[in-house]
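Q:
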Amino acid sequence: MDPAQLQYVITLAGGAFMLAGVGGVAWLTAGELRLRAIRRGRMQNAGGQTGLARTAEKRRGGVGASLVGQLRTLGQKSAVRDPAKLSVLRSRLMQAGFYNREAPMVYLGVRAAALGVATIGVVTLLPLIAGGRAGMGGLAVASALAGLAILGPDQVLKVRRTKREREYGDGFPDLLDLLVASVEAGLSLDAAVSRVTEELARRYPSLTVHLRFLVLELRAGKSRKDAWSAFADRLGIDDARQLATMLRQAEEMGTSLGETLTVFSQDMRAKRMLRAEEKALALSAKLTVPLVIFIFPCLLGALMLPAAARLAHVFSHQ
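Residue numbers (the working numbering): 2 to 319.
1) Measure the C-alpha to C-alpha separation of GLN267 and LEU300 and round it to an integer number of angstroms.
2) When the Cα of GLU252 is compared with those of ALA241, ASP155, ARG273, ASP227, which residue comes out closest?
3) With a 10 Å radius around its C-beta and 16 neighbouring C-beta atoms as the bar for buried, classify VAL181 as buried or exposed.
4) With a CB to CB cut of under 6 Å and the five nearest residues on each side skipped, what residues in its chain are close to SER230?
5) Should THR51 be labelled buried (16 or more other beta-carbon atoms within 10 Å of its own) or exposed?
6) Do GLY98 and SER183 have their beta-carbon atoms positioned less than 8 Å apart in this structure?
7) In whole angstroms, give me the CA-to-CA distance for GLU166 and GLY237.
8) Considering only the alpha carbon of each residue, which of ALA313, ARG203, ARG249, ASP191 lies closest to GLU218?
9) Which whole-angstrom value is the C-beta distance of PHE173 and ASP240, which I expect to be below 8 Å?
10) Straight-line CA distance for MET269 to GLU260?
11) In whole angstroms, give me the CA-to-CA distance for GLY187 and LYS223.
12) So ILE121 is in the alpha helix (DSSP H); what residue range does that whole segment cover?
13) Residues in the same chain with beta-carbon distance under 7 Å from MET247, minus the five sequence neighbours each way, listed in chain order, please.
14) Taking just the CA atoms, how far does GLY110 sit from LEU140?
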């Protein structure tokens, strides 16, 4: 196989793999965008605008919608049969920001399609791997395709989850401070959550989504203990679990909610400062390797080159 054919095969396999991944991610993010549109109140007059929205969605769908439909069908065929595992997968997707009801099916379809495309790419590259000088290049491309197919979807979820957990950790002290101010002003905890959700909408949009879910569950009649526990599970951070446990204990023991939230808010602020100090103290250790590899050789060269040039000049005249 000549270099031109190799480049064509690599481009074809990579394009098919990226098309499957982009289609799946586009469908998963579509549900999140629809939730944001509903949350901002853009879908009023449901009777007329819903029909227009469906018509526009059908026009925008095209090939992408059919591709996503095929991925969803593939995911349903390869779906996890164990309800517990499916619940864990749904929880992971919600923590990564995919709230659509069909997100697990599409995610499994994306993984199956990625494995299929990687398998086709590896089989296509087998003659190249078996042949002569280009065998190592074909083996490297096949290994890269297999690695992307196996680890790619999980890494995407991990990156999105890490980014959102960072936002949750930054916004939780502000959430608690606003809850304390609202409760001390005379609002109930449920009304305080509704008020705080409006205040945090611009600063922490991802955290606001989960707060709106919490408000809807409380309005639907779900017990406060179960609603806050589900809120903590959706966020997936220790601070939220501690808050849910603290609220349950305060409700069971009959202690003052305002004082409890005040103490917990101060504790969250202290933890936030400790995390900042920890990062600041670890900065010197993290800078050691770049200093040794990049800055120290340049500094050594700047100090030694003039002396080396002068010695070379002296020896050349002797």
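Every residue gets a Cβ at the ideal spot worked out from N, C-alpha and C, and that includes glycine.
A: Considering the structure as presented:
1) Position 266 of the sequence shown holds residue 267. Position 299 of the sequence shown holds residue 300. Approximately 46 Å between the Cα atoms of the pair.
2) Here residue 252 is taken as the residue at index 251 of the sequence shown, counted from 1. Answer by Cα proximity: ASP227.
3) Here residue 181 corresponds to residue number 180 of the sequence shown, with the count starting at 1. Flag for VAL181 reads buried.
4) Here the question's residue 230 lines up with position 229 in the sequence shown. Excluding positions up to five away in sequence, the list reads ALA245.
5) For the purposes of this step, residue 51 is identified with residue 50 of the sequence shown, where counting begins at 1. Because THR51 sits at a pLDDT of 40, beneath the cut-off of 50, its placement in the model cannot be relied upon, and the following sentence gives the value as read from the coordinates. Looking at its Cβ environment, which holds fewer than 16 other Cβ atoms inside 10 Å, THR51 is exposed.
6) Counting from 1 along the sequence shown, the entry for residue 183 is found at position 182. Counting from 1 along the sequence shown, the entry for residue 98 is found at position 97. Going by C-beta atoms, SER183 is not nearer than 8 Å to GLY98.
7) Walking along the sequence shown from the start, residue 166 turns up at place 165. Walking along the sequence shown from the start, residue 237 turns up at place 236. Cα to Cα, the separation comes out at about 8 Å.
8) One-based indexing of the sequence shown puts residue 218 at position 217. The option with the nearest alpha carbon to GLU218 is ASP191.
9) For the purposes of this step, residue 173 is taken as the residue at position 172 of the sequence shown. For the purposes of this step, residue 240 is taken as the residue at position 239 of the sequence shown. Yes, PHE173 and ASP240 are in contact; Cβ-Cβ is about 5 Å, under 8 Å.
10) Walking along the sequence shown from the start, residue 269 turns up at place 268. Walking along the sequence shown from the start, residue 260 turns up at place 259. Taking the straight line from one Cα to the other gives about 14 Å.
11) The count along the sequence shown starts at 1 and reaches residue 187 at position 186. The count along the sequence shown starts at 1 and reaches residue 223 at position 222. Their Cα atoms are separated by approximately 23 Å.
12) Here residue 121 is taken as the residue at index 120 of the sequence shown, counted from 1. ILE121 -> alpha helix (DSSP H) spans 104-125.
13) Within the sequence shown, residue 247 is the residue found at index 246, counting from 1. Cβ within range, chain order: THR261, PHE265.
14) If you number the sequence shown from 1, residue 140 lands on position 139. If you number the sequence shown from 1, residue 110 lands on position 109. Cα to Cα, the separation comes out at about 26 Å.
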